[in-house]
Amino acid sequence: MRDSFDRSIDYVRIAVTDRCNLRCFYCMPAKGIPHEPRAHLLSYEEIIRLLKVLGQLGFQKVRFTGGEPFLRKDFIKLLESTAEIEAYKSIHITSNGTLLQKHIPKLKQLGITKINLSIDSLDKERFHKITRRDDFDKVMQTFHLLVDNGFKIKLNAVIMKGINTQDIIPLAELAKDNPVDVRFIEEMPFNGGYKKNIEMYSARDIETDLKGHYPNLEKLPKKHGDTASLLSVPDYKGNIGVIAAFSRTFCNTCNRLRISSKGDIKSCLYDDGVFNIRDYMRAGVSDEQLAGKFLEIVRLKPKDGFEAEKMRKAPAAALQSMSSIGG
Ligand code: SAM
Ligand code: SF4
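Residues -12 to 314 in my numbering are what the sequence shown lists, from first letter to last.
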């Protein structure tokens, strides 16, 4: 599927739940966010139906995210059913790593080996402060177990001024001996209304820190749909990425659609949901009608995140928590 800016759209990210067992302060308030009743969430049958229709339209990549995807009951069953759909060359998961250890053998068996793990600090206390939970040891253990089991890990760290900029180099150093991509993300104002004004530590600031520490840092070419500027340090096993999520410098290669846990389709992270596909399905439409709707949504995909933000019905200050969008 091509949008009106000739971008090939073949990647869907689905938030399977808006619930989470952590409370990362850049994502949601300490008390959490009001949860959708379970009946409002897309059922697994509905998700599989959507994936099949999208697969027929040329989608090849799916990522399950949340909230914390492993918190949803029987998440593994959804993965099993997805693995049976031929269209998806790769199935990806984004997780905070607190609940997935026991599922490693099953994930391996299903061939689901591409996992993004969120770790914002290598300092136990700072990790606790950021996530408001004391799970650092468990998450690091999961990280090492996944690496040892041959999973392809991308580590995501949101970098915030005055909070964890001192973690940039220690985190980047994980790429020295581990074949993992360590990616630094600009903070975005998706925190469930907790904090309105962000003092930005920009992608440029992050790159400056990296170049200061690694004088021989090399820029790697971008691949289809990459949001990260990829960098490499000679002889390091993994790469380093910087994601300008707030500066939005990667929109011209965007290849994705997002579906929230309650079925809101976002054709851009910065729009406020362009269509509710759950209600459409529950009204009894056919697969052809669903496919037609996706074609229309992709055709209308905005040029970039700034355009999408301008088109919002709700004010920018009402940007949701990332846990309902999926990141
Ligand atoms: N719970 C899982 C996790 O944390 O990886 C999956 C969902 S989480 C919403 C997906 C990604 O969004 C995480 O990498 C997280 O760091 C990122 N994220 C959440 N809020 C953000 C914000 N305000 N700015 C930038 N990234 C954010
Ligand atoms: Fe939970 Fe992920 Fe949001 Fe942290 S970023 S609160 S782990 S959904």
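Glycine is no exception: its CB is placed at the ideal position from the N, C-alpha and C atoms.
- Going by DSSP, LEU218 is part of the beta strand (DSSP E) stretching over 215 to 219.
- Taking a cut-off of 8 Å on C-beta distances, the segment 126 to 136 does not touch the segment 191 to 198, as fewer than three cross pairs fall below it.
- Membership of TYR(-2) in the beta strand (DSSP E) is indicated by the continuous run -2 to 2.
- With respect to the 9 Å criterion, PHE237 and MET175 are not classified as neighbours on the basis of their beta carbons.
- With respect to the 9 Å criterion, ARG(-6) and LYS288 are classified as neighbours on the basis of their beta carbons.
- The beta carbon of ASN263 is closer than 7 Å to those of GLY250, ASP251 in its chain, skipping five residues each way along the sequence.
- Under the three-state reduction of DSSP output, SER(-9) falls in the coil class, being neither helix nor strand.
- The Cβ atoms of VAL169 and ILE117 do not sit closer than 9 Å to each other.
- Boundaries of the beta strand (DSSP E) harbouring HIS79: 77 to 82, taken from the DSSP string.
- With a cutoff of 8 Å, MET175 counts as near ligand 1, since its C-beta is closer than that to a heavy atom of the ligand.
- Between the alpha carbons of ALA159 and GLY84 lies a gap of roughly 19 Å.
- Closest in alpha carbon position to LYS148, among LYS101, TYR13, LEU109, is TYR13.
- Residue state for ALA74 is assigned as coil, using DSSP reduced to three classes.
- Contact between HIS211 and ASN242 holds: their C-beta atoms lie close to 6 Å from each other, under 8 Å.
- In the structure shown, VAL261 falls within a coil segment according to DSSP collapsed to helix, strand and coil.
- With 16 or more other CB atoms across the displayed protein chains lying within 10 angstroms of its CB, HIS79 is buried.
- At a Cβ-Cβ threshold of 9 Å, SER82 and LYS101 do not count as neighbours.
- Residue pairing of VAL169 in beta bridges, as defined by DSSP: LEU142, ILE227.
- At a cut-off of 8 Å, the beta-carbon of ARG10 counts as near ligand 2: some heavy atom of the ligand is closer than that.
- Here the distance from the Cβ of ASN136 to the nearest heavy atom of ligand 1 is not below 8 Å.
- Within its own chain, the residues whose Cβ lies closer than 7 Å to the Cβ of GLY292, once the five positions on either side in sequence are excluded, are ARG235, CYS238, CYS255, LEU256, TYR257, listed in chain order.
- For ligand 1, a non-hydrogen atom lies closer than 8 Å to the CB of LEU104.
- Note on geometry: alpha-carbon atoms of ASP266 and GLY45 lie some 23 Å from one another.
- Counting C-beta atoms within 10 angstroms of its own C-beta, LEU282 has fewer than 16 neighbours from the protein chains shown and is therefore classed as exposed.
- Counting C-beta pairs closer than 8 Å gives fewer than three between the segment 111 to 126 and the segment 199 to 219, which falls short of the contact rule.
- By DSSP's assignment, LEU104 forms a beta bridge with SER82, LEU142.
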